[in-house]
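Since the structure comes first, as C-alpha cells, the remarks are kept for the end.
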Amino acid sequence: MAQVAPAERDMRRVIGDGDALPDREVDGLGDHELLGLYRDMVLLRTYDERSLVYHRQGRIGTYAIFWGHEAMQVGATRALAADDWIFPSYRESAIGLLRGMPVETVLSWWRGHPVGWWDPREYRIASITVPIATHVPHAVGFAWGKRLQGEGECALAFFGDGATSEGVFHEGANFAAVMRAPVVLLCNNNQWAISTPLSAQTRAGALVDKSQGYGMPGVRVDGGDVLAVYEATSEAIARARAGEGPTFVEAVTYRCAPHATADDPSAYIDPARVELERENECLGRYERYLRRLGVLTDEIAEEARAAALEAMRAGIIAAEALPEPDPELVTRNAYAE
Ligand SMILES: Cc1ncc(C[n+]2csc(CCOP(=O)(O)OP(=O)(O)O)c2C)c(N)n1
Ligand SMILES: [Mg+2]
1 MAQVAPAERD
11 MRRVIGDGDA
21 LPDREVDGLG
31 DHELLGLYRD
41 MVLLRTYDER
51 SLVYHRQGRI
61 GTYAIFWGHE
71 AMQVGATRAL
81 AADDWIFPSY
91 RESAIGLLRG
101 MPVETVLSWW
111 RGHPVGWWDP
121 REYRIASITV
131 PIATHVPHAV
141 GFAWGKRLQG
151 EGECALAFFG
161 DGATSEGVFH
171 EGANFAAVMR
181 APVVLLCNNN
191 QWAISTPLSA
201 QTRAGALVDK
211 SQGYGMPGVR
221 VDGGDVLAVY
231 EATSEAIARA
241 RAGEGPTFVE
251 AVTYRCAPHA
261 TADDPSAYID
271 PARVELEREN
281 ECLGRYERYL
291 RRLGVLTDEI
301 AEEARAAALE
311 AMRAGIIAAE
321 ALPEPDPELV
331 TRNAYAE
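First residue of the sequence shown: 1, per our numbering; consecutive thereafter.
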C-alpha cells in the first residue's frame with residue numbers, strides 16, 4: 001500500500017549544520033566514495049560557472065543554469081548502477097560528464113552543433129529534453145520494456161516542479177505505478193517554473209503528496225544534501241530492481257540563479273531570499289561536512305577545482321575546433337524522400 005511515511009513528510013537530511021543538527025553517515029560510502037561525490041560536484045559546478053562565462057563571451061547559446069542543483073544531480077546519478085538509464089531535462093544537460101561524456105559534447109549541444117546529440121546507448125543517457133515532462137513516459141516505457149525483456153536495467157527521469165502540472169507527467173506516473181515499471185521519478189523542486197512560484201503551481205501541501213494518488217511510495221529529501229539524495233535514490237533503485245515498481249523522489253532546493261541566460265528574475269524574485277539560499281548552497285555544505293569528518297583537505301579541494309577548470313578549458317577549445325556542421329542536417333531525417 002503506497003504511503004508517505006510520517007517521518008519522511010519533512011525533508012530527509014544526512015548533512016547536519018555543524019551545530020544543533022547532527023551529521024549522519026550513509027552505509028557503504030567510505031572516504032574514497034565521499035571524495036568521488038565531491039569531485040563530481042566540483043566538476044558540475046565548474047562546468048556551470050564556466051558555461052555562464054562562455055555564454056557572455058558569445059561562445060555558447062542560451063544556457064539553462066543549474067547552479068545549486070549539483071547535489072541532487074550527483075547524488076541521484078551515483079546511486080544508479082552504470083547500466084541504469086538517465087532521462088534528463090535541460091536542467092541536467094551536463095549529467096553525461098558523470099559518465100565520462102566529453103565536455104565538448106555537452107558544450108556542443110549548447111552551441112547547436114550536431115556533435116551535442118550523442119548516441120544514448122553510449123552513456124545510457126537519453127537526449128536532453130526541452131519540452132516539459134515529455135520524457136517522463138519515455139523513461140517509464142523504457143523501464144517497463146527492459147523488464148519485459150527480462151533485463152535488469154532501471155531508469156531515472158529528472159523533471160521540475162512545474163513538470164508535475166503537465167498531463168504527460170500524470171500519464172507517465174500512473175502508467176509506471178500500474179505496470180510496476182522499474183523507474184525513479186526524481187522531481188527537482190527548485191520552487192520556480194521560470195517566473196511561476198510553487199505556490200501558484202499546485203495546491204498540494206508538498207509535491208511528494210502526489211505519489212499517494214498514483215499508489216507509489218514517495219520520499220521528500222533536502223535536494224541540497226548530496227548524501228540524502230544519494231540515500232533516497234539508492235533505496236528507490238533497490239525497490240525498482242527488486243520488482244517493487246516506481247518511487248517518486250521530491251528533492252527540494254531553491255533556484256538561486258536565473259531560469260536561463262535569457263531570463264531576468266529581478267522582475268519576480270525576492271533578492272534577499274536568493275542571497276539567503278546562496279549562503280546555504282550545496283557544494284559549500286558538502287565541503288564543510290567533509291571537513292568536519294576530516295576527509296577533505298585544502299590540497300584535495302584545490303586539485304579538484306584545477307582539474308575541472310582544465311577539463312573546461314580543453315572542452316571549449318575542442319568544441320570550437322569542430323568543423324562547421326553541414327546545413328543540410330537541418331532537414332535530413334526530418335522529411336521522407
Ligand atoms: C511543454 C512545454 N511547455 C512550456 C515550455 C516552456 N518552459 C520552458 S522551461 C519552463 C518551466 C519549467 O519549470 P520546472 O518544471 O519547474 O523546471 P525548472 O526549469 O525549474 O528546472 C517552461 C514552462 C516548455 N519547454 N515545454
Ligand atoms: Mg522548477
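We treat Cβ as the ideally placed atom computed from N, Cα and C, and that holds for glycine. Quantities reported herein were computed from a predicted structural model and do not represent experimental measurements.
Top-ranked residue by Cα proximity to residue i, from the options
i: V208; options: A240, G160, E171; result: G160
i: R376; options: A334, N333, C282, G116; result: Residue 376 falls outside the range modelled here, since the chain spans only 1 to 337, and no answer is possible.
i: G315; options: W110, Y286, A204; result: W110
i: R385; options: P323, D48, D19; result: Any answer about residue 385 is impossible in this case: the structure gives the chain only from 1 up to 337.
i: E250; options: K210, W85, A318; result: K210
i: V184; options: S266, P323, A157, G16; result: A157
i: T233; options: R180, A155, T202, P197; result: A155
i: L34; options: G294, P327, E299, E328; result: G294
i: V115; options: Y335, E337, A318; result: A318
i: M216; options: R180, D31, Y335, S199; result: R180
i: I125; options: H113, Q149, D31, G100; result: G100
i: H55; options: A334, T261, D23; result: T261
i: A267; options: T297, Y47, T196; result: T196
i: D52; options: D263, V274, V140, E122; result: The sequence given here places Leu at residue 52; Asp does not occur at that position. When only C-alpha atoms are compared, the closest one is D263.
i: R59; options: G150, L322, L329; result: L322
i: G245; options: G16, R313, W117, V140; result: V140
i: L148; options: A238, A206, T77, G243; result: G243
i: L290; options: R12, M11, D31; result: D31
i: E320; options: P327, A204, R273, S108; result: S108
i: L80; options: R203, R239, E49, E328; result: R239
i: M11; options: E231, W117, R203; result: E231
Nonlocal neighbours in the same chain, by C-beta distance under 6 Å from residue i, ignoring five residues either side
i: A311; result: V103
i: M1; result: Low per-residue confidence applies at M1: pLDDT is 35, beneath 50, and the placement is therefore not dependable, though the value from the model is reported in the following sentence. Cβ within range, chain order: n/a, list empty.
i: P265; result: P258
i: V226; result: L37, A71, V74, G75, Y286
i: G16; result: P22, D23
i: N333; result: none
i: E277; result: Y254, C256
i: Y47; result: A94
i: L198; result: D161, Q191
7 Å Cβ shell around residue i - same chain, five flanking residues per side excluded
i: A133; result: F159, A163, E166, V168, F169
i: M72; result: N188, G223, V229, A251, T253
i: G213; result: none
i: P6; result: Caution is warranted here: a pLDDT of 41 is assigned to P6, below 50, making its placement in the model unreliable, and the coordinate value is therefore given only provisionally. Hits under 7 Å: none found.
i: I194; result: H259, D263
i: R241; result: G152, C154, P182
i: R292; result: G18, D23
i: E8; result: Annotation note: pLDDT 43 at E8 (below 50); position unreliable, coordinate value reported separately. Contacts found: V219, R220.
i: R273; result: none
i: A336; result: none
Paired residues, beta bridge with residue i - DSSP
i: N188; result: G160, A251
i: I125; result: I86
i: D222; result: V252
i: T196; result: A193
i: A155; result: W85, V183
i: R12; result: V221
Cβ separation of residue i and residue j, assumed to be a contact under 8 Å, to the nearest whole Å
i: R285; j: N190; result: Not confirmed; about 16 Å, so no contact.
i: L97; j: V106; result: 7 Å
i: I128; j: P88; result: 6 Å
i: E171; j: P137; result: 6 Å
i: D84; j: I237; result: 7 Å
i: P325; j: H135; result: Going by Cβ atoms, the distance from P325 to H135 rounds to 25 Å, so no, they are not a contact pair.
Neighbourhood of residue i by C-beta distance below 8 Å, restricted to the same chain and skipping five residues each side
i: E235; result: V219, T247
i: E151; result: none
Indicate whether the contact test is met: 3 or more Cβ pairs, each with one atom in the region 140-154 and one in the region 165-182, closer than 8 Å. yes
If you pair each beta-carbon of the region 91-106 with each one of the region 54-68, do three or more pairs fall below 8 Å? yes
Count Cβ pairs between the region 31-49 and the region 295-314 that sit closer than 8 Å; are there 3 or more? With the cut-off at 8 Å, the region 31-49 and the region 295-314 touch.
Can you find at least 3 beta carbon pairs, one from the region 52-64 and one from the region 14-30, that sit closer than 8 Å? no
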